[in-house]
Amino acid sequence: MGKIKRLPQEIARKIAAGEVIERPASVVKELVENALDAGASRVEIDLDKGGKALIRVRDDGQGIPAEDLPLAVERHATSKIGSEADLEAIRTLGFRGEALAAIGSVSHLIITSRPPESPLGARVEVRFGQKSEVVEAGCPQGTVVEVADLFANLPARRRFLKSDRAETTRILETVKALSLAWEGVSFRLKGQGRLLLNLPREDLPDRLGRLLGLGKKDFLPLSLEKEGVKLFGFLSRPEKARHDPRSLYFYVLRRPVKSSLLARALNEATKGFFMSRSYPAGAIFLDLPPERIDVNVHPAKLEVRFRTEGQIFSLLHQAVRQALLEKSRLKAVETRPFTPQLEDIPLEGALESAASSKEAPVVAESTFNYHSPGPRPLGQILATYILCEGDEGLVIYDQHALHERILYEKLRRAVKEKGLAGEPLLFPVVFEAQAPIIEAAEEARRFLQRLGIEARPYGPGQIAVYSWPRGFLKEDIPRVVSDILGRLSQGRMPEGSLLHEILALLACRAAVKAGDHLTEAEMTELLKEAERFPSDYCPHGRPTSAYLKKMDLERLFRRK
Ligand SMILES: Nc1ncnc2c1ncn2[C@@H]1O[C@H](COP(=O)(O)OP(=O)(O)O)[C@@H](O)[C@H]1O
Ligand SMILES: [Mg+2]
């Protein structure tokens, strides 16, 4: 006798249902998506016991005709796609025709619905897989779906659910995420009679502000379109950062998605603008021809695959960086008309002078032009801050933070373009190192070369450094190299993040320090550079500038 048996249909159905419906929040997600697909302008959700006892979703959408009700709860029955070609171009949230069937096999499901053209509504029930006859039922236009006793026939699944409160929190998160992409729809969520969420129909900045507890002004708008992919959204300003990366929502074709690709691109792009372990909040939407993505990766449709990953990565990266840099344009700094273009200051020059001499910390003498127009420094105070008159009042720069930022941006650019120029060391620097670090030195040769560093294993247990980025302090080569290699060997940090840290470190070391006296020429040069690499934050997230606006001054002197 063979050992393989066909599973009874009922068990097979339960298994399949488990893939779509994992917990109450998955039911809510499916039902709210159905309401949105039906063109609802209002969605109301009621929960009892975190959705374990009851979930009720009511919408004012197009409804389900009575004759369709029996099919709606069948597996693979959907009104949203009809052919394989449609599968390539999905614009609705649902398409698998599985949700209602799955819910019906693990709960007591009741659907009451009335399309606008029908005078009377109809109802169908499914009790743990047993479908009832369709009966007439009074009902306002739209659909009410009730799900009672979820998983009562799957005790293992039921036991695995968390407390009512924890399940409610997940549901709240699910509804929030969807509601951000459907700001024109009103949402109301109640848990055991308590109002948990009440969102009117509004515009996106209002909804974002309401859900994230921020004001409209706290967001930077994002907008970029390239090669048929449109990106838009809002990102919180760095000073409104969160300690939790989860306040940033991604959407593809209005579908909330998790995507490590998008997360990585965002992470790269926000480097140097947010303090470490602080994250932007906001929502980022991607719109692209549906055939360029695959949402059919997972039954819960949470994951999305892009056909052109590199393109999506750089689009998001560029849009975010653009917005962050735009924001920090130093509008307050006075600029005079007819600015002749100065020669580009070579990277090496800037670093060399900054690093090698305390007297001439900013740029090489040759590039200095005293009569050059541009922002005019009023002076330096406490050997740390540069004062400047701007359109709106007084601008105060932190000379170290500002210079650090400029050097960092230059380094980034240089590394991206052709790598940093390395300078051979007269005598190689040799130091002791542990085996993993020595191995890392071998593996990371190209990475190091891009930074102008040439390091190779030397004698047993030793590493020798033969070249070093031109212009940088050579004092602590062993420490810096072991630090870089140590991190690489642990493999915990993506190369991009590591690069950021290394460049930030190099920029920090090479920048003028607090306490360095600057000449007027040096200050002028620094401010001019600031206009080329505008940013309000140093690579570690400290502000580079502060403003005392006319209004602040008037307040100080009680003129108003
Ligand atoms: N709230 C609703 N309003 C109108 N029609 C609905 C609603 N919910 C479900 N339907 C209908 O029932 C069908 C099956 O729903 P579902 O099982 O979620 O599959 P899918 O959403 O993938 O099509 C849908 O295609 C739709 O025609
Ligand atoms: Mg659906």
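First residue of the sequence shown? That's 707 in this note's numbering, and the numbers climb one at a time after it.
We treat Cβ as the ideally placed atom computed from N, Cα and C, and that holds for glycine.
Rounding to the nearest angstrom, what Cα-Cα distance links residue 980 and residue 1189 in this structure? For residue 980 and residue 1189, the gap between their C-alpha atoms comes out near 23 Å.
Quick check on DSSP: helix, strand or coil for residue 1190? Helix at residue 1190.
Under the assumption that residue 1117 contacts residue 968 (Cβ atoms under 8 Å), give the Cβ distance between them as a whole number of angstroms.
Actually they are not in contact, since the Cβ atoms of residue 1117 and residue 968 sit about 26 Å apart, beyond 8 Å.
**For residue 952 and residue 798, the rounded distance between their alpha carbons** = Each residue's Cα considered, the two are about 25 Å apart.
Would you mind sorting residue 904 into buried or exposed? The rule is 16 or more other CB atoms within 10 Å of its CB. So residue 904 counts as exposed.
Mind checking whether the beta-carbon of residue 893 lies closer than 7 Å to any heavy atom of ligand 1? In terms of side-chain proximity, the C-beta atom of residue 893 is found no nearer than 7 Å to any non-hydrogen atom of ligand 1.
Based on DSSP bridge pairs, tell me the residues matched to residue 1114.
Answer by DSSP bridge pairing: none, since residue 1114 is not bridged.
Q. Given 8 Å as the limit, is there contact between the stretch 1087-1103 and the stretch 1174-1194, that is, 3 or more CB pairs closer than that?
A. These segments do not touch.
Fill in: Beta-carbon proximity check, residue 964 vs residue 933, cutoff 8 Å
No, the Cβ-Cβ distance between residue 964 and residue 933 is not below 8 Å.
* To do: Note down the Cα distance separating residue 1254 from residue 1161, rounded to an integer number of angstroms.
  => Rounded to whole angstroms, residue 1254 to residue 1161 spans 48 Å at the Cα level.
*Could I get the ranges of all uninterrupted alpha helix (DSSP H) runs contained in the stretch 839-876, with 4 residues as the minimum, in chain order?*
Fully contained in the stretch 839-876 are the following alpha helix (DSSP H) runs of length 4 or more, in chain order: 861-865.
For the stretch 1138-1169, which segments carrying the beta strand (DSSP E) assignment without a break, of at least 3 residues, lie completely within its bounds, in sequence order? With a minimum length of 3 residues, the continuous beta strand (DSSP E) runs that stay inside the stretch 1138-1169 are 1160-1163.
Under a Cβ-count criterion, where at least 16 other Cβ atoms within 10 Å of its own Cβ denotes burial, should residue 1258 be classed as buried or exposed? Exposed, by the Cβ-count rule.
Q: Kindly identify the DSSP beta-bridge partner or partners of residue 913.
A: Partner(s): none; residue 913 has no beta bridge.
Exposed unless 16 or more other CB atoms sit within 10 angstroms - verdict on residue 966: Classification of residue 966: exposed, given that the 10 Å Cβ count is below 16.
Give the residues whose C-beta lies closer than 6 Å to at least one heavy atom of ligand 2, in chain order.
My final list is 736, 739, 740, 800 and 805.
Discussion item. I'd like the list of long-range same chain contacts for residue 888, defined as Cβ closer than 8 Å, with 5 residues on each side in sequence excluded.
Written reply: Cβ contact annotation for residue 888 (same chain, cutoff 8 Å, sequence separation greater than five): 742 and 960, in chain order.
Residue closest to residue 795, alpha-carbon to alpha-carbon, out of 916, 1152, 1001 and 862:
Per the Cα distances, 1001.
- Item | Environment of residue 1097 [buried if 16+ CB atoms lie within 10 Å] | The Cβ neighbour count for residue 1097, taken over all protein chains shown within 10 Å, is under 16; the residue is labelled exposed.
Of the residues 996, 890 and 1134, the one placed nearest residue 935, counting alpha carbons only:
Relative to residue 935, the option among 996, 890 and 1134 whose CA is nearest is 996.
Apart from the five residues just before and just after residue 1076, which ones in its own chain have a Cβ nearer than 8 Å to its Cβ?
Below a pLDDT of 50, predicted positions are generally treated as unreliable, and residue 1076, at 31, falls in that range; the measurement from the model is reported next regardless. For residue 1076, where only same-chain residues beyond five positions count, the Cβ hits under 8 Å are 1227 and 1230.
task: Could you pull out every residue in the same chain whose Cβ sits closer than 7 Å to the Cβ of residue 941, ignoring the five residues on either side in sequence?
output: Taken in chain order, the residues that qualify are 925, 926, 928, 986, 988, 1026 and 1029.
Compute the minimum distance between the beta carbon of residue 1216 and the heavy atoms of ligand 1, and state whether it is under 7 Å. Outside the cutoff, so no.
- Item | Three-pair Cβ contact test at 8 Å for the stretch 801-809 versus the stretch 842-849 | Here the stretch 801-809 makes no contact with the stretch 842-849; the two share fewer than three CB pairs at distances below 8 Å.
Inter-stretch contact (C-beta, 8 Å, three-pair minimum) for the stretch 1122-1138 and the stretch 1170-1180
Enough Cβ pairs lie closer than 8 Å, so yes.
- Quick one: residues in its chain with C-beta nearer than 8 Å to the C-beta of residue 733, no 5 flanking neighbours on either side, listed in chain order? Result list for residue 733: 727, 757, 761, 809, 813, 853 and 856, in chain order.
So, at 7 Å on beta carbons, what are the nonlocal neighbours of residue 881 in its own chain, with the 5 sequence-adjacent residues on each side left out?
When the five nearest sequence neighbours on each side are left out, the beta carbons in the same chain lying within less than 7 Å of the beta carbon of residue 881 are those of 734, 738, 751, 893, 895 and 903, in order along the chain.
For residue 1154, which residues in the same chain have their Cβ closer than 6 Å to its Cβ, ignoring the five residues on either side in sequence?
Excluding sequence neighbours, residue 1154 sits near 1161.
**Q.** Within 8 Å, strictly: CB atoms of residue 1194 and residue 1150
**A.** Yes, the Cβ-Cβ distance between residue 1194 and residue 1150 is below 8 Å.
Discussion item. Could you tell me the alpha carbon to alpha carbon distance between residue 871 and residue 899, rounded to whole angstroms?
Written reply: In a straight line, the C-alpha of residue 871 is about 14 Å away from that of residue 899.
Residue 1251 beta carbon near ligand 1 (any heavy atom closer than 7 Å): No, ligand 1 has no heavy atom inside 7 Å of this Cβ.
DSSP three-state label for residue 884, please. Note: residue 884 maps to helix in three-state DSSP.
Taking 7 Å as the limit between beta carbons, can you name the residues of its chain near residue 723, skipping five residues before and five after?
Close CB contacts of residue 723 within its chain, under the 7 Å cut and outside five residues either way in sequence, are with 808, 811 and 812 (chain order).
Is residue 768 near ligand 1, going by C-beta to nearest heavy atom under 7 Å?
Yes, the beta carbon of residue 768 sits closer than 7 Å to at least one heavy atom of ligand 1.
| query | In terms of alpha-carbon separation, which member of 1120, 1220, 1239 and 1023 lies closest to residue 1112? | reply | Of the listed residues, the one whose Cα sits closest to residue 1112 is 1239.
Q. Which first and last residues belong to the alpha helix (DSSP H) in which residue 1226 is found?
A. Unbroken alpha helix (DSSP H) run through residue 1226: 1226-1238.
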